[in-house]
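Protein chains: 2
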Amino acid sequence: MSTDPLVVFTPSGKRGRFAIGTPVLTAARQLGVDLDSVCGGRGICSKCQISPGYGEFSKHGVTVHQDALSDWNAVEERYDQKRGLKPGRRLGCQAKIMGDVVIDVPPESQVHKQVVRKAASARVIEMDPATRLYFVEVEEADMHEPTGDFERLKRALKSQWEIDDIRADLSLLSKLQPVLRKGKFQVTVALHRGHADAAAQILEIWPGLHEGGLFGLAIDLGSTTVAAHLTDLETGEVKASSGIMNPQIRFGEDLMSRVSYSMMNPGGDKEMTAAVRDALNLLAEEIAKEAGIDAKLIVETVFVCNPVMHHLLLGIDPVELGQAPFALATSGSLTLGAKELDLTAVNPRAQVYVLPCIAGHVGADCAAVALSEEPGKSEDLALIVDVGTNAEILLGDKTRVLACSSPTGPAFEGAQISSGQRAAPGAIEAIRIDPVTKEPRFRVIGSDKWSDDDGFTEEVGDGGITGICGSGIIEAVAEMRMAGLLDDSGLIGSAAATGTARMIEDGRTHSYLVHDGSATGGPVITVTQGDIRAIQLAKSALYAGARLLMDERGVDKVDRVVLAGAFGAHISPLHAMVLGMIPDVPLDKVTSAGNAAGTGARIALCNVAARREIERVVGQITKVETAIEPKFQEHFVAANAIPHKTDPFPELAKIVTLPNPSFNTHGDGSDGGRRKRRRG
Amino acid sequence: MSTDPLVVFTPSGKRGRFAIGTPVLTAARQLGVDLDSVCGGRGICSKCQISPGYGEFSKHGVTVHQDALSDWNAVEERYDQKRGLKPGRRLGCQAKIMGDVVIDVPPESQVHKQVVRKAASARVIEMDPATRLYFVEVEEADMHEPTGDFERLKRALKSQWEIDDIRADLSLLSKLQPVLRKGKFQVTVALHRGHADAAAQILEIWPGLHEGGLFGLAIDLGSTTVAAHLTDLETGEVKASSGIMNPQIRFGEDLMSRVSYSMMNPGGDKEMTAAVRDALNLLAEEIAKEAGIDAKLIVETVFVCNPVMHHLLLGIDPVELGQAPFALATSGSLTLGAKELDLTAVNPRAQVYVLPCIAGHVGADCAAVALSEEPGKSEDLALIVDVGTNAEILLGDKTRVLACSSPTGPAFEGAQISSGQRAAPGAIEAIRIDPVTKEPRFRVIGSDKWSDDDGFTEEVGDGGITGICGSGIIEAVAEMRMAGLLDDSGLIGSAAATGTARMIEDGRTHSYLVHDGSATGGPVITVTQGDIRAIQLAKSALYAGARLLMDERGVDKVDRVVLAGAFGAHISPLHAMVLGMIPDVPLDKVTSAGNAAGTGARIALCNVAARREIERVVGQITKVETAIEPKFQEHFVAANAIPHKTDPFPELAKIVTLPNPSFNTHGDGSDGGRRKRRRG
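Residue numbers (my numbering), protein chains in the order written: chain A, 32 to 711; chain B, 32 to 711.
Listed below in C-alpha cells is the structure:
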C-alpha cells in the first residue's frame with residue numbers, strides 16, 4: 032500500500048512503507064535493520080532505543096512531522112524515570128509509526144555494533160558473539176499438558192526468538208525450576224551457539240530481565256606470561272586487562288625444558304597442567320574483581336597459545352612435540368566446556384574456544400596473529416614476526432601465506448643474559464652509547480627520564496636500577512656495534528682498541544660497563560661477550576626463520592615488517608635492523624602490532640564468524656618446518672655476524688659514523704652458529 | 032555382465048552377479064547383505080565369517096562347485112590356528128568369488144542380529160546399538176603435512192568407514208597419541224552416535240584390533256530396588272543381571288516421603304542423589320565382576336525410572352513433583368555423559384540414555400513398559416499394569432494409548448504388613464488355605480516344596496521361615512476370602528464364626544495364624560485386620576487407576592491384562608482377580624510380562640532406533656492425572672470391597688465352594704476408602 036507511511040532508518044538507509052500503528056522495532060526487523068532487543072519488544076530491556084528525526088530530510092525525500100510517531104507512552108515514562116532515556120530517544124518497541132519518519136539507530140542500539148580495536152588501527156571488531164541474552168515468557172506448568180519445564184522453555188524460545196535445537200546440561204536443568212518460578216515464568220537465558228549448525232546451549236538463566244551483563248575472557252597463554260582481557264560481550268568493551276606469570280616456569284623456563292620435564296617425570300605433564308589451570312582460575316578471579324563484576328558472569332573464554340602450552344592446557348602430554356615429526360595430538364580448533372579445563376572460577380557452564388594450531392611448532396597464537404593482522408588480505412608482501420621465547424613468523428600477501436616458528440630462546444626476554452631480567456620496573460629498557468665518548472645513557476622501566484636527565488637520580492636512584500631487559504639488551508648490542516665497540520663477528524674490543532675505560536677484562540674476553548651501582552649496594556650492569564653471543568644466537572634464529580619463508584616464497588626482500596608480541600611493541604625498529612634481526616626494509620615500513628595474538632583472541636571472542644574464518648585460513652597457510660630444513664641451518668650460521676651497514680638506511684648513515692672495527696684476534700668470534708641450538 | 036558368477040546370500044535371499052575374484056565381503060556390502068566386519072576386510076577381526084554351500088540348490092537355481100570360492104588362504108589358516116574357525120566356515124573378506132555360489136551368513140556374523148528377548152515371547156530385539164567398534168589404519172604423523180593425530184584419525188574413519196563429523200573429549204585426546212603409537216597407527220575405536228544426525232563421539236580407543244568386547248548396562252532404577260542387566264553390545268547377550276536395594280530407602284520408603292525429605296532438609300536432594308549414584312557405581316562394579324569383564328568396557332547405560340527417581344538421579348530437586356501441577360523439570364529423553372552422573376565405575380566417556388517421562392507421575396519406567404509391551408500395536412484392548420510401590424498403568428490398542436500412575440503404596444511389596452518382608456529367601460510367597468479345614472499350606476522363597484510336602488522341614492525348617500512377601504500376602508488375603516475367613520467388606524471372622532482355632536483375638540479384631548515358629552525361636556506369622564486393610568487400599572488404588580483409564584477410553588471391560596514388574600511376575604492372576612486388583616477378564620487373558628520396564632531399557636540399549644520410537648510414542652500417549660480426577664476417588668472407594676464372585680470364572684467356581692460370609696458386626700468394615708492415601 033503506497034499510501035502507508037514511509038520509514039527510513041539511518042545509518043543503514045533501509046526504507047519501507049508500514050501500516051499506521053506498526054511499532055518501530057517491528058518495522059526494523061522486517062527490513063533487516065540492525066536494532067537490538069533482549070526482551071523481544073516487551074518494553075523492559077531498553078536495548079531498542081532509537082532517535083527519530085523531525086523536519087525536512089531532502090536527502091531521503093521525507094518531511095517528518097512532530098506526530099510521525101505515537102505519543103510517549105507509560106512504558107517509556109516508567110523506563111525514563113527508572114533508568115533515564117537520553118533526550119530525543121524513544122523505545123523502538125513502544126513508539127508506533129503514524130506518519131513518514133526518519134529513524135536513527137544509535138551505535139549502542141545495534142546488535143552488530145563495531146568496536147574500534149585500538150586507536151592506532153582503522154580495523155574494527157564487529158560484535159557477533161557466540162553467546163547472547165534472550166528474554167522469554169514461558170507457559171506455566173499445567174497438569175493437563177504435562178510437558179517438562181525445560182520443554183516449555185524451549186517452546187518459548189522457538190516461538191518468541193525462532194531458535195531451535197536447544198540443549199542444557201544437568202547443572203542448568205537443576206536450577207531451572209526455582210528460577211522459572213522466581214521470575215514468574217519470565218526469564219533471561221544466555222544462549223551459546225558456537226557453530227551456526229550446532230545446537231544452542233543454555234549457559235545461564237536468570238529470573239526476569241537480566242541486566243548484569245555478560246562477559247568473556249580473551250587469554251593469551253604464553254610460555255612466560257599469561258595475559259587476559261575481560262571483555263563485555265554485549266558492547267565489546269575491554270573492562271579490564273591483567274597478566275600473571277605462567278607458574279610452569281618452575282618446571283622449565285622454555286618450552287623444550289617443560290617437554291623434558293614431562294619426559295623425565297612420570298605425571299609431570301599433569302603437574303604442569305594443574306599449575307596452569309590453577310593460575311587461570313586465579314587470573315579470572317582477579318580480573319573480575321578488578322572490573323567489579325561477578326566472575327560467574329564470564330560465560331566464554333578464548334585461548335591462544337603455542338602448541339606446547341596448548342597441550343598442557345588441555346591436559347595432553349606434550350612429549351610428541353619434543354621430537355620429530357612434532358605431531359600435535361589435535362590441530363583443529365576446540366570448543367569445550369570450561370569445566371573440562373577445571374576452570375571453576377568462571378561460570379560453571381562457560382564455553383571455551385581454542386584457536387586452531389598451524390603445525391607442531393606453530394601454534395594457536397600464530398593463528399591469532401594471522402586473524403588479527405590478516406597477512407592473507409595484504410596487498411604488499413608483509414613479514415609478521417611475533418617475538419617471544421619462540422618466534423612465530425608469517426610471510427604473505429593476498430596470494431599466499433607461509434608460517435614457521437623459530438627457536439629464538441629466551442634471550443630476547445632478558446633471560447640467559449648476565450645482567451638480564453624480565454621487563455619490570457627497574458629494568459633498563461632503552462640505551463644510547465655516544466659514538467665519540469662511548470659513554471652510555473639509558474632509561475629504566477618506571478621512569479620517562481634518561482639517566483643523564485635532570486632529576487633521574489631523584490626519580491630512580493641507584494637502587495632503582497636492577498638489570499637489563501630484552502629491548503634494553505637489543506639496543507645495547509646494536510649501540511655497541513654502532514659505536515664501534517663490536518666488530519662484524521660480534522667480538523667486543525679491548526679498552527685499548529676501543530679507547531674507553533668502560534671496557535673491563537673478563538677472562539679472555541671483555542665486557543662493557545653500563546652502570547656501576549656497587550657504591551650504593553646496587554648491581555654492576557655489564558654487557559658481556561656471552562651476552563653478545565646469546566643475542567647473536569637469538570637474532571640469527573629469528574632472521575633465519577624469516578629467510579626460510581622468503582626462500583619458500585621465492586623472494587629476497589619483503590615490503591614491510593610487522594613486529595608483534597608484547598615485546599615487539601618495545602623493540603626499536605632501527606636497532607632491530609642494525610642487529611639484523613629482521614630483513615632490511617625502509618624504517619617507515621616497520622610497524623608494531625602490539626599484542627597481536629591477544630587481539631586475535633579478542634576478535635574470536637567477540638565475533639563467532641571470525642572463528643570459522645581463522646579455521647579456514649589456517650588450512651590454507653603453508654607450514655614450513657625449520658627443524659628439518661637444511662637451509663635453516665645455513666641461514667642461521669650466515670646470520671650470525673652483525674655487518675656494518677648504512678645502505679639503504681639514510682637514518683643509519685647519520686648515526687653510524689665510526690669506521691667498521693675488527694677485533695677478531697682471538698679466532699673465537701664466529702662460533703655461535705655451531706653451538707647447539709635450543710628449541711623453546 | 033551376465034556371464035559373471037551368480038552369488039546368492041542366505042537367509043536374506045539377496046543375489047547378484049560379481050566379477051571373478053570379488054571378495055565375498057565386498058559382494059555382500061554391494062548387495063546390502065547384513066555381514067559384519069570390524070576390521071573393514073583386513074582379515075583380522077573374523078566377524079565376517081560365512082558358510083558356503085556346495086552342490087545343487089534347486090530353490091536358487093544354482094549348482095555350486097567345489098571351486099566356487101578361492102582356495103583357503105594363509106590369512107584364514109593363521110586365524111584358524113590361532114582362534115579356530117568352525118568347520119566349513121570361511122572369512123568373507125578373504126574368500127573370493129570364482130563361480131556361482133550360495134553363501135550363508137550365520138546369525139553371529141550379522142550386524143543386525145536378532146536376539147530373542149525371552150523364551151516365552153516371540154518378540155526379538157534387533158541389534159543396532161548406538162556404540163559400535165571400528166578398526167582403522169591411520170596415516171602416520173608427517174612433518175610436511177602437520178595436521179594433528181586426531182585429524183588424521185578422523186580422516187581415516189571418513190575414508191575407511193564413511194563416518195563424518197567425529198568428536199572426542201579431552202580425556203580421549205589425552206590418550207590418543209600413545210595408543211596410536213602403541214598400535215603402530217592401527218587402532219580400534221568405539222564410536223557412539225546417539226542420533227542419526229548428531230556427531231559421532233569416540234568413547235574409547237585401543238591399539239590394534241580390540242577383541243575384549245563392548246558392554247552396556249540397562250538399569251531399572253526403582254524406588255525400592257535397582258536392577259541392572261549387563262549386556263554385550265555386539266551380540267545382545269545378557270552377561271549378568273544383578274540388583275541392589277535403593278539406598279534412598281533410608282530417606283523414606285516411598286517416593287512422597289523422599290520428596291518430603293528434600294522439602295524439609297536443605298540439601299536433602301543432594302544427599303539422596305549422592306546415595307543413589309554411589310549405589311549405581313557399586314552395582315556396576317559388582318555386575319562387571321560377576322560377568323568377568325573390566326567395568327571400563329561398559330560404554331553405555333540406559334536408565335528407566337519413575338519421575339522422582341529420574342530427578343534424583345539427575346541431581347534435580349524433586350520438590351515440584353510433590354505438589355500440583357507436578358511439573359517435571361524436563362520430560363524429554365536425555366543423552367548424557369556418565370561422568371555428569373558421577374558414574375565413575377564405568378568407562379569415563381560412557382554415554383547415558385534416559386528414556387522420556389510421560390508426565391509428572393508417569394515416568395520413564397512406564398515409557399519403557401510401553402516400548403517393551405507396545406500397547407499401541409495391540410489389535411485388542413490391553414491393560415498393562417506395572418505393579419510396584421507406585422503402579423504404572425497403560426491402556427490401549429492400535430487406535431490410542433492412555434497412561435496414568437496410581438499410588439498403591441508399598442503393601443504389594445510386603446511393606447506395612449505386620450509379618451511383611453521383601454521378596455527374599457525365607458519369605459512366604461505362595462499360600463493355599465483348605466476351604467474345609469481352613470488349614471494353610473505355603474511355599475517359601477528358596478525352596479520348591481510346599482510346607483506339607485515331605486522333606487519341607489528338612490529343607491526349610493522353622494528357622495527358614497521369616498515372613499511373608501508381596502505375592503504371599505495377596506494370595507493369603509484372596510485365599511482367606513475364598514475360604515470364607517473374610518467377608519465382602521474385608522472383615523476377618525472370629526474363631527467361632529469361621530470354625531477354626533487359627534483365628535486369634537487381636538484387640539477388637541482377629542488375626543489368622545499362618546505359621547507359629549515360636550517354639551524354635553522363629554517368628555509368629557499372622558495376617559491381621561490391618562494387613563487386610565493395607566492390601567485393600569493398595570488394590571483399590573490399582574483398580575481405580577485402571578478404571579479411570581477405561582472411563583477415559585469409554586469402555587467398561589478390557590480384552591486382556593498384562594502384569595508387569597518384577598513383582599507382577601509372581602502374582603497369581605487368579606488371586607489378583609479374586610482380590611479385585613484388576614478388572615475381570617478370562618484367566619487365560621492375564622499374562623505376565625516379567626520386568627517389562629527392564630526389558631524396555633534393554634531394547635533401548637541394543638537398538639538406537641527404538642529410542643526415537645519411544646520418544647515418538649510418548650508424545651502420543653494420553654496422560655491421565657489421577658490426583659486431580661474426582662472419579663478416581665469414587666472408583667477408589669467403590670473398589671474397596673472384595674465381592675464374592677464366581678462368574679465369569681469357571682476356575683473360581685470350582686475352588687470357591689463356601690457360602691459368602693458376612694462378619695460386618697462391628698461397623699468398621701469399609702473405612703478404607705476414607706483413609707488418607709499416600710502417594711509413592
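C-beta atoms are modelled at their ideal positions from N, C-alpha and C, and glycine is treated no differently.
**Report entry** Contact set for Asp196 of chain B: own chain, Cβ-Cβ below 6 Å, skip 5 residues either direction
**Finding:** Sequence index remark: in the second sequence, residue 196 of chain B carries index 165 (1-based). Excluding residues within five positions, the ones whose Cβ falls inside 6 Å are Ala230.
Query raised in the report: Any C-beta of chain B sitting closer than 7 Å to the C-beta of Met174 of chain A?
Result: Here residue 174 of chain A is taken as the residue at index 143 of the first sequence, counted from 1. Between Met174 of chain A and chain B, the shortest Cβ-Cβ separation is below 7 Å.
Query raised in the report: Counting only beta-carbon atoms, is Glu351 of chain B nearer than 7 Å to chain A?
Result: Looking up residue 351 of chain B in the second sequence gives position 320. Taking 7 Å as the threshold, the shortest C-beta distance from Glu351 of chain B to chain A falls below it.
Query raised in the report: Can you tell me the Cα-Cα spacing of Pro209 of chain A and Ile389 of chain B, whole angstroms?
Result: On the first sequence, residue 209 of chain A is found 178 positions in, with the first residue counted as 1. On the second sequence, residue 389 of chain B is found 358 positions in, with the first residue counted as 1. So the alpha carbons of these two residues sit roughly 22 Å apart.
**Report entry** Option in B:Gly501, B:Arg474 and B:Leu66 with minimal Cα separation from Thr488 of chain B
**Finding:** Taking the first residue of the second sequence as position 1, residue 488 of chain B is located at position 457. Nearest C-alpha to Thr488 of chain B: B:Arg474.
Query raised in the report: Touch check for the segment 519–535 of chain B and the segment 543–550 of chain B: three-plus C-beta pairs under 8 Å?
Result: Three or more pairs of CB atoms, one per stretch, sit closer than 8 Å, so the segment 519–535 of chain B contacts the segment 543–550 of chain B.
Query raised in the report: So which of A:Asn104, A:Tyr85 and A:Tyr110 has the shortest CA-CA distance to Asp98 of chain A?
Result: Counting from 1 along the first sequence, the entry for residue 98 of chain A is found at position 67. Out of A:Asn104, A:Tyr85 and A:Tyr110, A:Tyr85 has the C-alpha closest to the C-alpha of Asp98 of chain A.
**Report entry** Any chain A beta carbon closer than 7 Å to Asp180 of chain B
**Finding:** For the purposes of this step, residue 180 of chain B is taken as the residue at position 149 of the second sequence. Yes, Asp180 of chain B counts as interfacial toward chain A.
Report task. Use the C-beta contact count for Asp748 of chain B: other C-beta atoms within 10 angstroms, 16 or more gives buried, fewer gives exposed. Result -> Look at the range of chain B in this structure, 32 to 711, and you will see that residue 748 of chain B is not part of it.
Requested in this report: Kindly indicate which residue of B:Pro604, B:Gln232, B:Met511 and B:Gly267 has the alpha-carbon position closest to the one of Gln382 of chain B.
Outcome: Translated into positions along the second sequence, residue 382 of chain B becomes position 351. For Gln382 of chain B, the nearest C-alpha among the options comes from B:Gln232.
Requested in this report: Take the Cβ of His175 of chain B as the centre, count every other Cβ of all protein chains shown within 10 Å, and call the residue buried at 16 or more, exposed below.
Outcome: Residue 175 of chain B sits at position 144 when you count from the first residue of the second sequence. Exposed, since its Cβ has fewer than 16 Cβ neighbours within 10 Å.
**Report entry** Assumed close pair Leu425 of chain B, Ile415 of chain B - CB separation to whole angstroms, cut-off 8 Å
**Finding:** Looking up residue 425 of chain B in the second sequence gives position 394. Looking up residue 415 of chain B in the second sequence gives position 384. The Cβ separation is near 4 Å, so the contact holds.
Query - Contacts that Gln232 of chain B makes with chain A (C-beta to C-beta distance below 9 Å) - result: For the purposes of this step, residue 232 of chain B is identified with residue 201 of the second sequence, where counting begins at 1. Within 9 Å of the CB of Gln232 of chain B, no CB atom of chain A is found; the nearest one sits about 13 Å away.
Query - Expected contact under 8 Å - CB spacing of Lys620 of chain A and Asp590 of chain A to nearest Å - result: Within the first sequence, numbered from 1, the residue matching residue 620 of chain A stands at position 589. Within the first sequence, numbered from 1, the residue matching residue 590 of chain A stands at position 559. Contact between Lys620 of chain A and Asp590 of chain A is confirmed by a C-beta separation of about 7 Å, below the 8 Å threshold.
Query raised in the report: Beta-carbon of Gly346 of chain B versus every beta-carbon of chain A: anything under 7 Å?
Result: Numbered from its first residue, the second sequence carries residue 346 of chain B at position 315. Yes, because at least one Cβ of chain A sits closer than 7 Å to the Cβ of Gly346 of chain B.
Report task. Measure how close the beta-carbons of Gly477 of chain A and Gly457 of chain A come, nearest whole angstrom, since I'm counting them as under 8 Å. Result -> For this step, residue 477 of chain A is matched to residue 446 along the first sequence. For this step, residue 457 of chain A is matched to residue 426 along the first sequence. Contact check for Gly477 of chain A and Gly457 of chain A: beta-carbon distance about 7 Å, within the 8 Å limit, so the pair qualifies.
Report task. Please go through the segment 258–329 of chain A and give each complete alpha helix (DSSP H) segment of 4 or more residues, from N-terminal end onward. Result -> Qualifying alpha helix (DSSP H) stretches, in chain order: 286–295 and 299–322.
Query raised in the report: How is Cys397 of chain B classed by DSSP in three states: helix, strand or coil?
Result: For this step, residue 397 of chain B is matched to residue 366 along the second sequence. In the displayed model, Cys397 of chain B falls within a helix according to three-state DSSP.
Query raised in the report: Nearest-angstrom Cα distance between Gln567 of chain B and Val558 of chain B?
Result: What you label residue 567 of chain B is simply residue 536 of the second sequence in a count that begins at 1. What you label residue 558 of chain B is simply residue 527 of the second sequence in a count that begins at 1. Computed Cα separation, rounded: 13 Å.
Query raised in the report: DSSP on Ala640 of chain A, reduced to helix/strand/coil?
Result: Here residue 640 of chain A refers to the residue found at position 609 of the first sequence. Helix, per DSSP.
Report task. Give, in chain order, every unbroken run of the alpha helix (DSSP H) that is at least 4 residues long and sits entirely within the segment 396–429 of chain B. Result -> Listed in chain order, nothing qualifies, since the segment 396–429 of chain B has no complete alpha helix (DSSP H) run of 4 or more residues.
**Report entry** Segment limits, alpha helix (DSSP H) that includes Val508 of chain A
**Finding:** Your numbering for residue 508 of chain A matches position 477 in the first sequence. Gly501 to Met513 is the extent of the alpha helix (DSSP H) around Val508 of chain A.
Query raised in the report: In this structure, does DSSP put Ser478 of chain B in helix, strand or coil?
Result: Stepping through the second sequence from its first residue, residue 478 of chain B is reached at position 447. In the structure shown, Ser478 of chain B sits in coil (DSSP, three-state: anything other than H, G, I, E or B).
Requested in this report: Could you list which residues in chain A have their beta carbon closer than 8 Å to that of Lys654 of chain B, in chain order?
Outcome: Here residue 654 of chain B corresponds to residue number 623 of the second sequence, with the count starting at 1. Near Lys654 of chain B (Cβ distances below 8 Å), the residues of chain A are Pro177.
Query - Reduced DSSP secondary structure (H/G/I, E/B, other) of Tyr165 of chain A - result: Taking the first residue of the first sequence as 1, we reach residue 165 of chain A at position 134. Collapsing the DSSP output to three states places Tyr165 of chain A in a strand.
Query - Residue environment, Gly115 of chain B, which counts as buried when at least 16 other CB atoms sit within 10 Å - result: For the purposes of this step, residue 115 of chain B is taken as the residue at position 84 of the second sequence. It is exposed - the Cβ of Gly115 of chain B has fewer than 16 other Cβ atoms within 10 Å.
**Report entry** Unbroken stretches of the alpha helix (DSSP H), 4 residues or longer, contained in the segment 538–625 of chain A
**Finding:** DSSP runs (the alpha helix (DSSP H)) wholly in the segment 538–625 of chain A: 560–584 and 604–610.
**Report entry** Beta carbon of Ser202 of chain A nearer than 7 Å to that of Pro379 of chain A
**Finding:** Working through the first sequence from its first residue, we reach residue 202 of chain A at position 171. Working through the first sequence from its first residue, we reach residue 379 of chain A at position 348. Yes.
Query raised in the report: Quick one: any contact between the segment 506–513 of chain A and the segment 599–609 of chain A, if contact means 3 or more CB pairs under 8 Å?
Result: In short, these stretches touch, since the Cβ pair count reaches three.
Query raised in the report: How is Leu201 of chain A classed by DSSP in three states: helix, strand or coil?
Result: For the purposes of this step, residue 201 of chain A is taken as the residue at position 170 of the first sequence. The answer is helix: DSSP assigns Leu201 of chain A an H, G or I state.
Report task. Specify, as a first and last residue, the run of the beta strand (DSSP E) that Ser437 of chain B falls within. Result -> Stepping through the second sequence from its first residue, residue 437 of chain B is reached at position 406. Where Ser437 of chain B is concerned, the enclosing beta strand (DSSP E) stretches over Arg431 to Ser437.
Query - Whole-angstrom distance between Gly552 of chain B and Asp562 of chain B, CA atom to CA atom - result: Here residue 562 of chain B refers to the residue found at position 531 of the second sequence. Here residue 552 of chain B refers to the residue found at position 521 of the second sequence. In a straight line, the C-alpha of Asp562 of chain B is about 23 Å away from that of Gly552 of chain B.
Query raised in the report: In chain A, which residues lie less than 9 Å from Gly576 of chain B when you measure between Cβ atoms?
Result: Taking the first residue of the second sequence as 1, we reach residue 576 of chain B at position 545. Under the 9 Å cutoff, chain A gives no residues; its nearest Cβ is about 16 Å from Gly576 of chain B.
Query - Of the residues A:Val64, A:Asp483 and A:Lys206, the one placed nearest Ser140 of chain A, counting alpha carbons only - result: Position 109 of the first sequence, counting from 1, holds the residue named residue 140 of chain A. From the listed residues A:Val64, A:Asp483 and A:Lys206, the smallest Cα separation to Ser140 of chain A is found for A:Val64.
Report task. Name, going along the chain, the residues of the segment 191–204 of chain B whose beta-carbon falls closer than 9 Å to a beta-carbon of chain A. Result -> So the list reads Ala199, Asp200, Leu201, Ser202 and Leu204, given in the order they occur along the chain.
Query raised in the report: If we count the other Cβ atoms within 10 Å of its Cβ and call it buried at 16 or more, is Thr34 of chain A buried or exposed?
Result: What you label residue 34 of chain A is simply residue 3 of the first sequence in a count that begins at 1. Its Cβ having fewer than 16 others within 10 Å, Thr34 of chain A is exposed.
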